[in-house]
Amino acid sequence: MEKLNIDKVAKLAHVSRSVVSRVLNNHPNVSDEARSRVMSVVEEYNYRPNSVARSLATSSTYQIGVLSGIFGEESLGNGYWTLLYLGIFEECIRNGYYVRLSFYNSEMKKELHDLILNEHHLDGVICLNEEVTEFTLQTFEDSDIPIVLVGHNPKYPEIPSVDVDNYDAAYKATDHLVQLGHKDIGGMFGDQNVQETEHRMRGYQDALCNAGIEPKDDYTAVGSYSQHDGHDTMEEWIKKHDDMTAVFCASDTLAMGTLLALFENDISVPEQFSVVGFDGLPISKYMIPPLTTVAQPTYGKGEKAAKLLIEKIKNKDARVRHASLKPELLVRKSTAKLS
34 MEKLNIDKVA KLAHVSRSVV SRVLNNHPNV SDEARSRVMS VVEEYNYRPN
84 SVARSLATSS TYQIGVLSGI FGEESLGNGY WTLLYLGIFE ECIRNGYYVR
134 LSFYNSEMKK ELHDLILNEH HLDGVICLNE EVTEFTLQTF EDSDIPIVLV
184 GHNPKYPEIP SVDVDNYDAA YKATDHLVQL GHKDIGGMFG DQNVQETEHR
234 MRGYQDALCN AGIEPKDDYT AVGSYSQHDG HDTMEEWIKK HDDMTAVFCA
284 SDTLAMGTLL ALFENDISVP EQFSVVGFDG LPISKYMIPP LTTVAQPTYG
334 KGEKAAKLLI EKIKNKDARV RHASLKPELL VRKSTAKLS
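Count along the sequence shown from 1, then add 33; that gives the number in the working numbering.
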């Protein structure tokens, strides 16, 4: 069968090419009769417009940029990012958009401007951390291209965003340890320059304070979300704090490194030491022991970010929304009552 294109659909439906375009893009300015004829042809021939044809018809490329910082071995190896990307990609695919994932650091500005974030090639951009957000805003300051943030940022109230309630999640995780009788509880956190870390630290500290436990500065570590940092921090704490009996790790990857350090030092979990993670990555239930963690809907964050962006692409005047998703405490075998 001869391959159908938009011009042949128009001919078979006895309408103009522009009418077919308006019908395919659900434009209201089409008569019911014309819409019916076009849809009959589309259904009969199972016509699916390709992205090039749609671009010509609508001045839209149906391409979305996802811009992320470079986090070394964590950029793709961390299960959190994999789930987040998957949520973005699948929601975009469901809506007929192609996703272009790019990584950024300050040395790449000219290359990205020229090759990746050209406003004529993208319908919108999803930014995954503050560094790339600032760069994207500078790049498109004279453009009306829609932008959505993963992670709330009070510096950009006019930009739609999606995040988990980081404070509530950290509070739940720490309070779980408190309820088990632990008082000497460490806290490991990621980048201190982002709001999510601030909120997770505050949740950890407030849970301790509300239980009458004074947070200790030397029980708090701030670095990255890597397994390496979790391992090295726990190694240091084992030498310095023999009274510590539990730790809240602000990511499951930090918890992985923590569990390894405890194992290497013959400290049994949870009999001698309790560990709580954050993220609820699929791998967390296969750790030894299975990790107690606060699960955030990581796939859902990506999915919601894509939904917000597509909403803004289709309606530039859509109200700015800041979506907050709820965490869930998953109690497993890495925590136990203090004996």
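A virtual CB, placed ideally from N, CA and C, is assigned to each residue, including glycine.
For this session: Please work out which residues of its chain come closer than 7 Å, Cβ to Cβ, to V63, disregarding the five sequence neighbours upstream and downstream, and give them in chain order.
Result: Here residue 63 refers to the residue found at position 30 when the sequence shown is read from its first residue. Closer than 7 Å at the Cβ level, and outside the excluded window around V63, lie V52, R55, V56.
Exercise. Once you ignore the five residues that flank A369 on each side, which residues in its own chain have a CB closer than 8 Å to its CB?
Worked result: Taking the first residue of the sequence shown as 1, we reach residue 369 at position 336. Within the same chain, A369 has close Cβ partners L213, P303, E304, S307.
Problem set entry | Neighbourhood of I300 by C-beta distance below 8 Å, restricted to the same chain and skipping five residues each side | Here residue 300 is taken as the residue at index 267 of the sequence shown, counted from 1. Taken in chain order, the residues that qualify are I271, F306.
Exercise. In terms of alpha-carbon separation, which member of I192, G184, L342, A283 lies closest to A206?
Worked result: As a working note, residue 206 is residue 173 in the sequence shown. Per the Cα distances, A283.
Exercise. For the beta strand (DSSP E) that D196 lies in, which residues bound it at each end?
Worked result: In the sequence shown, the residue the question calls residue 196 occupies position 163. Start and end: 194–197.
Exercise. By DSSP, does L37 sit in helix, in strand, or in coil?
Worked result: Position 4 of the sequence shown, counted from the start, is the residue given in the question as residue 37. The answer is coil: DSSP assigns L37 none of H, G, I, E or B.
Exercise. Hey, out of I126, G219, E247, Q96, whose CA is closest to V255's CA?
Worked result: The count along the sequence shown starts at 1 and reaches residue 255 at position 222. It is G219 whose Cα lies nearest to the Cα of V255.
Problem set entry | Secondary structure of S307, DSSP reduced to three states | Taking the sequence shown and counting its residues from 1, one reaches residue 307 at position 274. Correct three-state label for S307: strand.
Exercise. Under three-state DSSP, which class holds D350?
Worked result: The residue labelled residue 350 in the question sits at position 317 within the sequence shown. If DSSP states are grouped into helix, strand and coil, D350 belongs with coil.
Exercise. Is it a yes or a no for the segment 351–368 touching the segment 225–234, going by three-plus beta-carbon pairs under 8 Å?
Worked result: Segment contact: the segment 351–368 against the segment 225–234, fewer than three CB-CB distances shorter than 8 Å; contact not assigned.
Problem set entry | Assigned secondary structure, G290 (DSSP; H/G/I helix, E/B strand, else coil) | Within the sequence shown, numbered from 1, the residue matching residue 290 stands at position 257. In this structure, DSSP gives G290 a helical state, which the three-state scheme calls helix.
For this session: With a cut-off of 8 Å on the beta carbons, I'd call M320 and M289 a contact; round off their distance for me.
Result: Indexing the sequence shown from 1 puts residue 320 at position 287. Indexing the sequence shown from 1 puts residue 289 at position 256. With a Cβ gap of about 7 Å, M320 and M289 count as contacting.
Problem set entry | Simplified DSSP assignment, three categories, for I246 | Your numbering for residue 246 matches position 213 in the sequence shown. Note: I246 maps to coil in three-state DSSP.
For this session: Identify, in the order they occur along the chain, each residue of the same chain with its Cβ nearer than 6 Å to the Cβ of L134, setting aside the five sequence neighbours on each side.
Result: Translated into the one-based positions of the sequence shown, residue 134 becomes position 101. The answer, listed in chain order, is V99.
For this session: With DSSP as the reference, label H215 as helix, strand or coil.
Result: Position 182 of the sequence shown, counting from 1, holds the residue named residue 215. If DSSP states are grouped into helix, strand and coil, H215 belongs with coil.
Exercise. Can you tell me where the alpha helix (DSSP H) with A283 in it begins and where it stops?
Worked result: For the purposes of this step, residue 283 is identified with residue 250 of the sequence shown, where counting begins at 1. Here A283 belongs to no alpha helix (DSSP H), and DSSP marks it neither H nor E.
For this session: Give every residue of the same chain whose Cβ lies closer than 6 Å to the Cβ of L293, excluding the five residues on either side of it in the sequence, and list them in chain order.
Result: Locating residue 293 in the sequence shown gives position 260, where the first residue counts as 1. H264, listed in sequence order.
Exercise. How would you call H209, buried or exposed, if buried means at least 16 neighbouring beta carbons within 10 angstroms?
Worked result: Working through the sequence shown from its first residue, we reach residue 209 at position 176. Buried is the call here.
Exercise. Any idea what DSSP makes of I180, helix, strand or coil?
Worked result: As a working mapping, residue 180 is identified with position 147 in the sequence shown. Strand at I180.
For this session: Would you be able to state if there are at least three C-beta pairs under 8 Å between the segment 166–175 and the segment 322–338?
Result: no
Exercise. Does any residue of chain D bring its CB to less than 9 Å from the CB of P179?
Worked result: Among the protein chains of the structure shown there is no chain D, as only one such chain exists.
For this session: Look at the alpha carbon of N298 and the alpha carbon of T286, and state the distance between them as a whole number of angstroms.
Result: The residue you call residue 298 lines up with position 265 of the sequence shown. The residue you call residue 286 lines up with position 253 of the sequence shown. Cα to Cα, the separation comes out at about 19 Å.
Problem set entry | Per-residue DSSP class, three states only, for M267 | Within the sequence shown, numbered from 1, the residue matching residue 267 stands at position 234. DSSP places M267 in helix when its eight states are reduced to three.
Exercise. Which residues in the same chain as R235 place their Cβ atom closer than 8 Å to its Cβ, once the five residues preceding and following it in sequence are excluded?
Worked result: Stepping through the sequence shown from its first residue, residue 235 is reached at position 202. Contacts found: Y200, A203.
Exercise. For E191, which of helix, strand or coil comes out of DSSP?
Worked result: For the purposes of this step, residue 191 is identified with residue 158 of the sequence shown, where counting begins at 1. Note: E191 maps to coil in three-state DSSP.
Exercise. Do V211 and A240 have their C-beta atoms within less than 9 Å of each other?
Worked result: Here residue 211 is taken as the residue at index 178 of the sequence shown, counted from 1. Here residue 240 is taken as the residue at index 207 of the sequence shown, counted from 1. It is a contact, given that the beta carbons lie within the stated cut-off.
Exercise. In angstroms, rounded to a whole number, what distance separates the CA positions of N348 and P179?
Worked result: Here residue 348 corresponds to residue number 315 of the sequence shown, with the count starting at 1. Here residue 179 corresponds to residue number 146 of the sequence shown, with the count starting at 1. Near 10 Å, if we compare the C-alpha coordinates of P179 and N348.
For this session: Helix, strand or coil for G223, going by three-state DSSP, please let me know.
Result: Within the sequence shown, residue 223 is the residue found at index 190, counting from 1. Note: G223 maps to coil in three-state DSSP.
Exercise. Exposed or buried, F311, counting other C-beta atoms within 10 Å across all chains shown (16 or more means buried)?
Worked result: Within the sequence shown, numbered from 1, the residue matching residue 311 stands at position 278. Burial call: buried.
Exercise. So what's L161 in DSSP terms, helix, strand or just coil?
Worked result: By one-based count along the sequence shown, residue 161 stands at place 128. Three-state DSSP puts L161 in coil, outside helix and strand.
Exercise. Any idea what DSSP makes of D201, helix, strand or coil?
Worked result: Residue mapping note: residue 201 aligns to position 168 of the sequence shown, counting from 1. Correct three-state label for D201: helix.
For this session: Grab the span of the beta strand (DSSP E) containing G98 for me, first residue to last.
Result: Here the question's residue 98 lines up with position 65 in the sequence shown. Residues 96–102.
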